Amino acid sequence: MVNSATDTGVGITGSGKPVERVYTPDDIAGLEPDRDLGLPGEFPFTRGIQPAMYRTRLWTMRQYAGFGSAEETNRRFRYLLGQGQSGLSVAFDLPTQMGYDSDDPMARGEVGRTGVAVDTLADLETLFEGIDLGKVSTSMTINAPAAILLAMYQAVGQKQGVDPARLSGTTQNDILKEYIARNTYIFPPEPSMRLVTDIFAYCAEHMPRWNTISISGYHMREAGCTAAQEVAFTLANARAYVQAAVARGLPIDSFAPQLSFFFCAWTDVLEEVAKFRAARRLWARVMRDEFKAENPRSWQLRFHTQTAGSSLTAQQPENNIVRTTLSALAAVLGGTQSLHTNAKDEALALPTEASALTALRTQQLLAYESGATATVDPLGGSYYVEAQTARIESEVLAYWDRIADKGGALAAIAEGYFQREIHDSAYRYQRQVERDERVVVGVNRFVTTEEAPRDLQVVDPEVDRRQQEKLARIKASRDSSAVAEALARLERAARTDANLLPVMVDAVQVYASVGEISNVLRTVFGKYRPPSTL
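The working numbering applies: residue 629 is where the sequence shown begins, and numbers increase by one.
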C-alpha cells in the first residue's frame, strides 16, 4: 500500500512521487542484472563509468566562483586552490553572459554583481594570473557567447605557453536550456546551434581534452522540474545536439567523448542517486543503439553536479550547511565526476570567503571521513534505489515519446512544452509547501525569530566605474585598425557556413571585446524574441 503525505511530512520523494512503506524483491522483479546493471565501468554504466571510481581518483572539487573584477575573483580562485580545491569554475556577470560590454547601457547596475566582469582578453589574463592553465581544469558557465570565451581561454593559455591540446575544462555552451529556463540567450536557435557545433568541430581538432558542452539539467531543476523531468529534458536536448553535429557531417565518435552533463543534486538523497544511475543507463543506450557510436567513451555520461541552490533558505541559513551536505552526499553516492557545493549564505548574497571555505570543507569531509568513497555504487542492489531507478527511467521514456510526437526537442521548446511542464511542477511544489504537505525546516515548520546575518559578501559599488575605465584604456591602447579588420572578417565568415572559432581567436587576440564580437553576430544572426505566451 502506498503511503500518502502525512502530518510528519514524509511518504513522498523530493519530486512528490509516492513512496511505499517498504520495498521487497517484488519491486525489482523486472530488473535484469546483466542488462540493466552490469559492473562499474561496463555498459550500460548504471553503477558508474569507471571500474574503481573514487578508490583511485576522487571527483574534481570545483567550487563555482566569480564576483566584481577579475582581480577580486583571481584572489578567490587562488585562495580556494590553496585550500585544496582541485578545479576552477567561473561565474560571469550578466552583461558578459548576454554579450554586452561593461560600458553598454544594458549593463548598467549589473557589472560584476552575479559574477566576474569580462570585457576583453585583458580581463581573462588577469583572472588567471599566477594560475597555470596547463595544470588546472576550468569550467566556464557561459552559453550564448561561449565561443568567444573559449577563444579567449585558448589565447590566455597560449600566452602562458600552454598548447591548446593540453588545455582541459568545459564550456557550458548549452543554449537550449537557456530558451527553457535560464534566459541568457542572444541569438535565435538555428545560428545558436551552429555556434554549438562550431565548438564541437573546433575542439575535436585543436582541443581534444576540452569538454565542448555541459548539457545542463541543473537550471531546469532549479526552475522547478522533477528528477525525472530533469533527466528527460536534459537528455532530449543532448540528442538534439548530437543530431545537429551528425547532420553537419561530424563522425559521432569524433565529438561524443567530449560531451559532458550538468545536474542538480536535491536533498532527497536516495531519489537523486537513482536519478543519476538512470541517466547513465539511458544515455549509454541512446549513444550505442540509436546513434551507433562505437567508442565506449561515447556511451559514458560524465557529469558535474551542483547542490540545489533553490533548496537553500534565507531563514535559519545555518541549516543550509546540512542541506548542502545531503545534496553533496547524493552526488557522491550517485557517481559524479565533479562537484560544487553551495555556501550557506547563497539565499541572501554571493558567498563570503569563510562560507565558501565551509562549502569546500563539506566536500573534503565526504571524501575522507564519510566512508562513501570506499566502494563503487554502495547503494546498488537496494530494493528501493533500484525501484526508483527503474521508475525514473520509465518516466523519462514516456516523456521522450511525447517529445517525439511534438517533433523533437527544438519543436517542443518552440511550442513551450518543456516550459509549461516545469512551471506546473514548480507550482505543485509551492502549493505543497503552502499547505504544509511538504516540510521546509525553518520556513513552514520549526520557525524561529532571528536577525538576518550581517557578515554578507558585498560587491564593491565602484566596480562599474573601474571596469569601464579599464575597458576605455584597452580600447585606447590596442591597434584599432587590427580590431576593425578582425571584426570585418568575422562578419564575412558569419555569413557563410565557415567555423567561426578560428576567426574569433584572431579577434580576441587583438583585444576585440565580448560586446563588439557579439554585436557583429547580432547584426548577422539577429536576436531571439521569446513567445509572448506559453
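We treat Cβ as the ideally placed atom computed from N, Cα and C, and that holds for glycine. Since this is a predicted model, take the numbers as computed values, not measurements.
Exercise. Do you know whose CA, among Q711, S714, L716 and T742, lies nearest M726's CA?
Worked result: It is T742.
For this session: Can you have a look at K972 and say buried or exposed, based on whether 16 or more other CB atoms are within 10 angstroms of its CB?
Result: That one is buried.
Problem set entry | Contacts around E1021, its chain only, beta-carbon distance under 8 Å, and the 5 residues preceding and following it disregarded | Here the set comprises A906, R909 and L910.
For this session: Determine the burial state of D1088: buried for a count of at least 16 other Cβ atoms within 10 Å of its Cβ, exposed for fewer.
Result: D1088 is exposed by the Cβ-count criterion.
Problem set entry | V638 - DSSP class collapsed to helix/strand/coil | Coil at V638, not helix or strand.
Exercise. Quick one: Cα of I1102 to Cα of G737, how far?
Worked result: Looking at the two C-alpha atoms, the distance is approximately 22 Å.
Exercise. Ends of the alpha helix (DSSP H) at G785?
Worked result: Its alpha helix (DSSP H) spans residues A774 to K787.
Exercise. Grouping DSSP H, G and I as helix and E and B as strand, with all else coil, what is N947?
Worked result: In the displayed model, N947 falls within a helix according to three-state DSSP.
Exercise. Is I841 helix, strand or coil by DSSP?
Worked result: In the structure shown, I841 adopts extended strand secondary structure according to DSSP, grouped into three states.
For this session: Spatial neighbours of V1111 within its chain, please: CB distance less than 6 Å, with the 5 preceding and 5 following residues excluded, ordered by chain position.
Result: Hits under 6 Å: V1138 and A1140.
Exercise. For the 8 Å Cβ check, are there 3 or more pairs between the stretch 662 to 670 and the stretch 693 to 702?
Worked result: Segments in contact, no.
Exercise. Of the choices H968, H932 and E850, whose alpha-carbon is the least far from that of S938?
Worked result: Checked all of H968, H932 and E850; the closest Cα to S938 is E850.
Exercise. Helix or strand or just coil, what does DSSP make of E648?
Worked result: E648: strand per DSSP, three-state reduction.
Problem set entry | Three-state secondary structure (DSSP) of V1069 | In the displayed model, V1069 falls within a strand according to three-state DSSP.
For this session: Give the secondary structure of M821 by DSSP, where H, G and I count as helix, E and B as strand, and everything else as coil.
Result: If DSSP states are grouped into helix, strand and coil, M821 belongs with the helices.
Problem set entry | Inter-residue CB distance, L967 and A959 (contact presumed, cutoff 8 Å) | Going by Cβ atoms, the distance from L967 to A959 rounds to 5 Å, so yes, they are a contact pair.
Exercise. Nearest-angstrom Cα distance between K1098 and A893?
Worked result: Looking at the two C-alpha atoms, the distance is approximately 39 Å.
Exercise. According to the neighbour-count rule (16 or more other Cβ atoms, all chains shown, within 10 Å of its Cβ), is F1074 buried or exposed?
Worked result: With fewer than 16 Cβ atoms within 10 Å of its Cβ, F1074 is classed as exposed.
Exercise. Among D1125, N839, L795 and Y707, which has the Cα closest to the Cα of T769?
Worked result: Per the Cα distances, N839.
Exercise. Looking only at its own chain, which residues have a Cβ that is under 8 Å from the Cβ of A1104, when we skip the five neighbours before and after it?
Worked result: The beta carbon of A1104 is closer than 8 Å to none in its chain, skipping five residues each way along the sequence.
Problem set entry | CA-to-CA distance, P836 to R876, given in whole angstroms | Each residue's alpha carbon lies about 19 Å from the other.
Exercise. Where DSSP assigns a beta bridge to S888, which residues make up the other side?
Worked result: S888 pairs with S842.
Problem set entry | Three-pair Cβ contact test at 8 Å for the stretch 695 to 708 versus the stretch 756 to 763 | Three or more Cβ pairs closer than 8 Å define a contact, and the stretch 695 to 708 meets that threshold against the stretch 756 to 763.
Problem set entry | CA-to-CA distance, Y1027 to V1197, given in whole angstroms | Nothing can be reported for residue 1197, as the shown portion of the chain is limited to 629 through 1162.
For this session: Check whether the Cβ atoms of R675 and D1052 lie closer than 7 Å to each other.
Result: Judged by beta-carbon spacing, D1052 lies beyond the 7 Å limit of R675, meaning their Cβ atoms are not closer than that value.
For this session: With a 10 Å radius around its C-beta and 16 neighbouring C-beta atoms as the bar for buried, classify L993 as buried or exposed.
Result: Counting C-beta atoms within 10 angstroms of its own C-beta, L993 has fewer than 16 neighbours from the protein chains shown and is therefore classed as exposed.
For this session: Could you check how far apart the C-beta atoms of A606 and D881 are, in whole angstroms? I think they sit under 8 Å.
Result: Since the first residue of the chain shown is 629 and the last is 1162, residue 606 is not available in this structure.
For this session: Pick out whichever of V1136, S717 and L761 has its Cα sitting closest to the Cα of P792.
Result: Ranking V1136, S717 and L761 by Cα distance to P792 puts L761 first.
Problem set entry | Helix, strand or coil at Q713 [DSSP, three-state] | Under the three-state reduction of DSSP, Q713 is assigned to coil, being neither helix nor strand.
Exercise. Among M915, Q871, A860 and F891, which residue has its Cα nearest to the Cα of P885?
Worked result: Ranked by how close their Cα comes to the Cα of P885, the residues M915, Q871, A860 and F891 have M915 in first place.
Exercise. By Cβ distance, which residues of its chain are closer than 8 Å to T827, with the 5 residues on each side in sequence left out?
Worked result: One detail in the question is off: residue 827 reads as Ile in this sequence, not Thr. Within the same chain, A774, A775, L778, T799, N801, T840, I841 and L1129 come within 8 Å of I827 by CB-CB distance, once the 5 residues on both sides are set aside.
Exercise. In the DSSP assignment, what are the bridge partners of R690?
Worked result: Per DSSP, the beta bridge partners of R690 are G715.
For this session: Reducing DSSP to helix, strand and coil, say where L967 ends up.
Result: DSSP places L967 in strand when its eight states are reduced to three.
For this session: Can you grab the Cα-Cα spacing for the pair R1048 / K903, in whole Å?
Result: Going from the Cα of R1048 to the Cα of K903 covers about 22 Å.
Exercise. How would you label D1092, buried or exposed, when you count the other beta carbons within 10 angstroms and need 16 or more for buried?
Worked result: Classification of D1092: buried, given that the 10 Å Cβ count is 16 or more.
For this session: For V1013, name the three-state secondary structure that DSSP assigns.
Result: In the three-state reduction of the DSSP assignment, V1013 falls in the helix class, which pools H, G and I.
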